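Per our numbering, the sequence shown runs over residues 53 to 313. No residue lacks a Cβ here, since even glycine has one placed at the ideal position from N, Cα and C. The model shown is predicted, which means the values in this text are computed figures rather than measured ones. Here is the structure we will look at.
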Amino acid sequence: MNERNFGEVILDLKGISLSFGAMRVLNNISFNVRQGEIRSIIGPNGAGKSSMLNVINGVYHPQEGEITFRGEVRKEMKVHEAAGFGIARTFQNIALFKGMSTLDNIMTGRNLKMKSSMLAQAIYWGKAQKEEIEHRKKVEEIIDFLEIQAIRKTPVGRLPYGMQKRVELGRALAAEPEILLLDEPMAGMNVEEKEDMSRFVLDINDEFGTTIVLIEHDMGVVMDISDRVVVLDYGRQLADGTPDVVRSNQDVIDAYLGVSH
Ligand SMILES: Nc1ncnc2c1ncn2[C@@H]1O[C@H](COP(=O)(O)OP(=O)(O)OP(=O)(O)O)[C@@H](O)[C@H]1O
Numbered sequence: 053m054n055e056r057n058f059g060e061v062i063l064d065l066k067g068i069s070l071s072f073g074a075m076r077v078l079n080n081i082s083f084n085v086r087q088g089e090i091r092s093i094i095g096p097n098g099a100g101k102s103s104m105l106n107v108i109n110g111v112y113h114p115q116e117g118e119i120t121f122r123g124e125v126r127k128e129m130k131v132h133e134a135a136g137f138g139i140a141r142t143f144q145n146i147a148l149f150k151g152m153s154t155l156d157n158i159m160t161g162r163n164l165k166m167k168s169s170m171l172a173q174a175i176y177w178g179k180a181q182k183e184e185i186e187h188r189k190k191v192e193e194i195i196d197f198l199e200i201q202a203i204r205k206t207p208v209g210r211l212p213y214g215m216q217k218r219v220e221l222g223r224a225l226a227a228e229p230e231i232l233l234l235d236e237p238m239a240g241m242n243v244e245e246k247e248d249m250s251r252f253v254l255d256i257n258d259e260f261g262t263t264i265v266l267i268e269h270d271m272g273v274v275m276d277i278s279d280r281v282v283v284l285d286y287g288r289q290l291a292d293g294t295p296d297v298v299r300s301n302q303d304v305i306d307a308y309l310g311v312s313h
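Written out as structure tokens, the structure is:
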């Protein structure tokens, strides 16, 4: 991918350290995310990649470091703040309601956007109904975008794995996120499914201007679609830069790229 021009730094992580008991999972990690870029985090299993996403969306609170979001410095992100800032994520293990349809699962992603409470929905039925129709419209747009019209009524538990991952992406998109955190969206997929998912990630970034933070083990995909890549290795930060810079970094070659995963 050619180097693209980006907007300002929207998320800046400085000196982040995170421990669980005696185990240091992240050790003095610093990198930033620019508006509109595809930013990948790579590293071997257990390197701390998912923990890093959990720091960004406020699930984990680092013992050291600073997180600056849109110029505002904080020691940690809170879950509700992250959600309010438009930070949405998908999970390594699919976290959908298996008995519910594709449509209903994606609809749950609208929760944050829904103004009417359950009580208000009961009392002011007309207003709530109008809101419901608007949400439904947005969800239908996402279903069209992800080309999953054929499975809109199917319970997701019956869908093949690759399709479930796509529905999960749809649910995250329903929140109309500013930053989308994708935790191994292509894990367990065949080549064709990976190509489809890569295309959707690129299209989301391109068409909606969504900033993407991606964890992915497939190096071909990462080097192909990322603007910048940060490399973690058992809590340490090994490298940070464009795919070309990272690929030619000797520490990375020694510690990671030379090893198959
Ligand atoms: N809540 C937690 N409590 C204790 N240890 C944790 C917790 N979350 C993560 N860890 C540990 O932190 C380390 C890093 O895990 P993490 O899931 O962040 O790595 P990862 O790079 O995403 O790995 P993978 O590629 O296997 O998903 C692991 O040793 C993991 O067991």
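Any idea what DSSP makes of residue i, helix, strand or coil?
i: Glu245; result: helix
i: Pro207; result: strand
i: Ala134; result: helix
i: Ala147; result: coil
i: Gln216; result: helix
i: Leu225; result: helix
i: Asn106; result: helix
i: Val111; result: coil
i: Ile189; result: Residue identity check: residue 189 is Lys in the sequence provided, not Ile. The answer is helix: DSSP assigns Lys189 an H, G or I state.
i: Ser69; result: strand
i: Asn257; result: helix
i: Gln201; result: helix
i: Arg288; result: strand
Nearest-angstrom Cα distance between residue i and residue j?
i: Leu148; j: Asn157; result: 7 Å
i: Ser250; j: Glu192; result: 21 Å
i: Glu228; j: Arg141; result: 11 Å
i: Ser312; j: Gly59; result: Residue confidence for Ser312 is low, a pLDDT of 49 falling below 50, so the modelled location carries little weight; the figure read from the coordinates is stated next. If you take the alpha carbons of Ser312 and Gly59, they lie about 35 Å apart.
i: Glu118; j: Met129; result: 9 Å
i: Ser278; j: Ile90; result: 5 Å
i: Leu225; j: Ile146; result: 15 Å
i: Glu268; j: Ser71; result: 23 Å
i: Leu284; j: Lys150; result: 33 Å
i: Lys182; j: Phe83; result: 43 Å
i: Lys127; j: Thr206; result: 43 Å
i: Val85; j: Asp64; result: 6 Å
i: Ala291; j: Asp276; result: 18 Å
i: Asp196; j: Asp303; result: 43 Å
For residue i, which residues from the same chain have a beta carbon less than 7 Å from its beta carbon, with the 5 sequence-adjacent residues on both sides left out?
i: Ile203; result: Thr154, Leu211, Met215
i: Phe260; result: none
i: Ser102; result: Gln144, Asp235, Ile267
Keeping to the same chain, check which residues put their C-beta closer than 6 Å to that of residue i; ignore five residues upstream and five downstream.
i: Met241; result: Gly214
i: Arg288; result: Asn79
i: Val77; result: Leu70, Gly100, Ser103, Gly287
Evaluate residue i with the Cβ neighbour count: other Cβ atoms within 10 Å of its Cβ, from every protein chain shown; 16 or more gives buried, anything less gives exposed.
i: Arg280; result: buried
i: Glu236; result: buried
i: Gly123; result: exposed
i: Ser92; result: buried
i: Met238; result: buried
i: Ala307; result: buried
Just to confirm my understanding: we take residue i, look at its own chain, exclude 5 residues before and 5 after, and list those with CB closer than 8 Å. What are they?
i: Glu230; result: Ile62, Phe137, Gly138, Ile139, Thr262, Thr263
i: Val131; result: Asn109, Gly110, Val111
i: Arg218; result: Leu198, Ile200, Asp248, Met249, Phe252
Check your reading: residues with Cβ closer than 5 Å to ligand 1 heavy atoms = Counting every residue whose Cβ lies closer than 5 Å to a heavy atom of ligand 1, we get Phe72, Val77, Asn97, Gly98, Ala99, Gly100, Lys101, Ser102, Ser103.
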